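*Asks:* Once you've had a glance at the structure underneath, I'll fire off some questions.
In my numbering, the protein residues as written are 5 to 312.
This is how it looks when you write it as C-alpha cells:
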C-alpha cells in the first residue's frame with residue numbers, strides 16, 4: 005500500500021503537471037486572436053513577401069491560417085497549391101499583367117487586347133478554383149505609361165476607353181461567375197512607388213464609380229482601398245455609403261504612410277469596418293499594409309482591430 009505521504013506527493017506532481025499544461029495551452033491560445041468571425045479577412049501576399057522580413061509563400065500561408073484569416077490574396081495561380089494545402093483561398097487574384105500592373109490599364113486602348121487576354125486567363129483559373137475576384141486598373145494617364153512627357157489621355161477618353169474595355173471583359177466574367185474589381189489609387193504620395201501612384205488616372209473615386217455604373221455589370225465592381233480613399237478624399241464613412249452597391253473588395257493600410265493599422269495613423273478602423281458591415285458588405289477585407297516593424301505583430305493587430 006502507498007503511504008499517505010507518497011499519495012500526497014503524487015497528487016502534487018500531477019497538479020503541477022496539469023497546471024503547466026494548462027499554462028502552455030493558455031499561452032498558445034492567447035497568441036492567436038479570438039475572432040468573432042463577422043468579417044472575412046485576407047492577407048496581401050506582396051506586402052509580406054517583397055517587404056519587411058520577405059516571408060516566402062509557405063510562411064505567409066502558415067501565418068495567415070494561424071491568425072484565423074481565410075485568404076492570401078494577390079498571389080499568382082502557380083502558388084495556389086500552397087493555399088489549398090493550408091485550406092485558404094485567394095480572395096482577389098492578380099490580373100497577370102507584367103511589370104507594375106497598375107500602369108497599363110483600361111484607360112489606354114492599346115493595352116485592351118493584352119489586358120483582356122491575361123485577365124481572362126486569370127478569370128478562368130479563378131472559376132476553376134472557385135475563387136471570387138480578379139483585380140483591374142484604370143492605368144496611367146500618359147499614352148506611354150513609362151514616359152510622363154508623352155501625350156496625356158483626356159479624362160473623357162479615359163472614361164470611354166474604360167467603359168468599352170470593361171464591358172468586353174464583363175462578358176467573360178459573367179459567364180465564368182468571377183468578379184473583376186477596379187481599383188481606385190492615390191496620386192498624392194510620391195515617397196515610395198507602392199505608397200502612391202502619381203499619374204494614375206483613377207485617383208478620383210467619383211470617376212471610378214461613374215465608370216462602373218456605366219458598365220452596369222454585376223461582375224465589374226469597385227476595389228475600395230481604405231488607405232487610398234483616405235489619402236485622396238477622406239470622409240470614409242460617407243464614401244462607403246455612396247459606393248456601397250459597387251464595392252466588391254476592400255483593402256486596409258494605415259494612413260498616411262501605408263503602414264500598420266496602429267494608433268500612429270489617422271483612420272478609425274473599427275468604425276470603418278462596422279460601417280462596411282452596416283451597409284451589407286460581406287466580401288473580403290485584405291490587409292495590404294507595408295510592414296515597418298515586426299510583421300507578425302502588425303498583422304495580428306490588424307486582424308484583431310478589424311474583427312468588430
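Heads up, the beta-carbon is just placed ideally off N, CA and C, and yes, glycines get one too.
A quick note: this is a predicted structure, and the numbers were derived from the prediction, not measured.
1) Identify whether residue 226 lies in helix, strand or coil by the three-state DSSP scheme.
2) Is there a Cβ of chain D sitting closer than 7 Å to that of residue 50, yes or no?
3) Based on the DSSP output, what are the partners of residue 116 in its beta bridges?
4) At the level of alpha carbons, what is the spacing between residue 246 and residue 236?
5) Assuming residue 133 contacts residue 185 (C-beta within less than 8 Å), just tell me the rounded distance between them.
6) For residue 273, report the span of its alpha helix (DSSP H) as first-last.
7) Given that a residue counts as buried once 16 or more other Cβ atoms are within 10 Å of its Cβ, and exposed if not, what is residue 175?
8) Nearest to residue 251 by CA position, among 188, 65, 103 and 207, is which residue?
9) Fully enclosed by the stretch 73 to 144, which alpha helix (DSSP H) runs are 4 residues long or longer?
10) What residue range does the beta strand (DSSP E) around residue 186 cover?
11) By Cβ distance below 6 Å, which residues in the same chain neighbour residue 298 in space, the five residues on each side in sequence not counted?
12) Compute the Euclidean distance between the alpha carbons of residue 158 and residue 226, then round it to the nearest angstrom.
13) Count the other C-beta atoms from every protein chain shown that fall within 10 angstroms of the C-beta of residue 207, then say buried if there are 16 or more, exposed otherwise.
14) Spatial neighbours of residue 203 within its chain, please: C-beta separation below 7 Å, excluding the five flanking residues on both sides.
15) Ignore the nearest five residues each way along the sequence and tell me which others in residue 155's own chain have a CB closer than 6 Å to its CB.
16) Using 8 Å as the threshold, is the stretch 59 to 76 in touch with the stretch 91 to 102, meaning 3 or more CB pairs across them?
17) Going by DSSP, what residues sit across from residue 59 in a beta bridge?
18) I'd like to know whether the C-beta atoms of residue 142 and residue 123 end up nearer to each other than 7 Å.
19) Per the DSSP calculation, residue 254 is bridged to which residue(s)?
20) Report the rounded CA-to-CA distance for residue 110 versus residue 224, giving the unit in angstroms.
21) List the DSSP bridge partners of residue 1.
22) Restricting to Cα atoms, I'd like to know which of 118, 67, 89 and 88 is closest to residue 101.
23) Taking all protein chains shown into account, do 16 or more other C-beta atoms lie within 10 angstroms of the C-beta of residue 30, making it buried, or fewer, making it exposed?
24) Between residue 265 and residue 256, how many whole angstroms is the CB-CB distance? I'm expecting something under 8 Å.
*Replies:* Judging by the given coordinates:
1) Position 222 of the chain shown, counted from the start, is the residue given in the question as residue 226. Correct three-state label for residue 226: strand.
2) Here there is only one protein chain, and chain D is not present.
3) The residue labelled residue 116 in the question sits at position 112 within the chain shown. Beta-bridge pairing links residue 116 to no other residue.
4) In the chain shown, residue 246 corresponds to position 242, counting from 1. In the chain shown, residue 236 corresponds to position 232, counting from 1. C-alpha separation (whole angstroms): 15 Å.
5) Here residue 133 refers to the residue found at position 129 when the chain shown is read from its first residue. Here residue 185 refers to the residue found at position 181 when the chain shown is read from its first residue. Contact doesn't hold; Cβ gap of about 17 Å is too wide.
6) Indexing the chain shown from 1 puts residue 273 at position 269. Looking at the DSSP string, the run of the alpha helix (DSSP H) that includes residue 273 is 273 to 282.
7) Position 171 of the chain shown, counted from the start, is the residue given in the question as residue 175. With fewer than 16 other Cβ atoms within 10 Å, it is exposed.
8) Locating residue 251 in the chain shown gives position 247, counting from the first residue. Out of 188, 65, 103 and 207, 188 has the C-alpha closest to the C-alpha of residue 251.
9) The qualifying runs are 84 to 89 and 116 to 133.
10) For the purposes of this step, residue 186 is taken as residue 182 along the chain shown, with counting starting at 1. Residue 186: member of the beta strand (DSSP E) spanning 183 to 187, first to last residue.
11) What you label residue 298 is simply residue 294 of the chain shown in a count that begins at 1. Within the same chain, residue 298 has no close Cβ partners at all.
12) Against the chain shown, residue 158 aligns to sequence position 154. Against the chain shown, residue 226 aligns to sequence position 222. One C-alpha to the other measures close to 22 Å.
13) Counting from 1 along the chain shown, the entry for residue 207 is found at position 203. The residue is buried, with at least 16 neighbouring Cβ atoms inside 10 Å.
14) Here residue 203 is taken as the residue at index 199 of the chain shown, counted from 1. Once the five neighbours on either side are set aside, the close Cβ partners of residue 203 are 144, 145, 146, 152 and 191.
15) Residue numbering aside, residue 155 sits at position 151 when the chain shown is read from its first letter. Once the five neighbours on either side are set aside, the close Cβ partners of residue 155 are 147.
16) yes
17) Here residue 59 refers to the residue found at position 55 when the chain shown is read from its first residue. Paired residue(s): none; residue 59 is not in a bridge.
18) To locate residue 142, count along the chain shown from 1; it is residue 138. To locate residue 123, count along the chain shown from 1; it is residue 119. In this structure, residue 123 does not lie closer than 7 Å to residue 142 by Cβ.
19) Numbered from its first residue, the chain shown carries residue 254 at position 250. In DSSP, residue 254 forms a bridge with 228 and 289.
20) Along the chain shown, one-based indexing puts residue 110 at 106. Along the chain shown, one-based indexing puts residue 224 at 220. Taking the straight line joining both Cα atoms gives about 13 Å.
21) For the chain, the structure presents residues 5 to 312; residue 1 sits outside this window and is missing.
22) Numbered from 1 along the chain shown, position 97 holds the residue referred to as residue 101. Checking every option, the nearest Cα to that of residue 101 belongs to 118.
23) Here residue 30 refers to the residue found at position 26 of the chain shown. Per-residue confidence for residue 30 stands at a pLDDT of 38, beneath the threshold of 50, marking its modelled position as unreliable; no derived number is given.
24) Taking the chain shown and counting its residues from 1, one reaches residue 265 at position 261. Taking the chain shown and counting its residues from 1, one reaches residue 256 at position 252. With 8 Å as the limit, residue 265 and residue 256 qualify as a contact, their Cβ atoms being about 6 Å apart.
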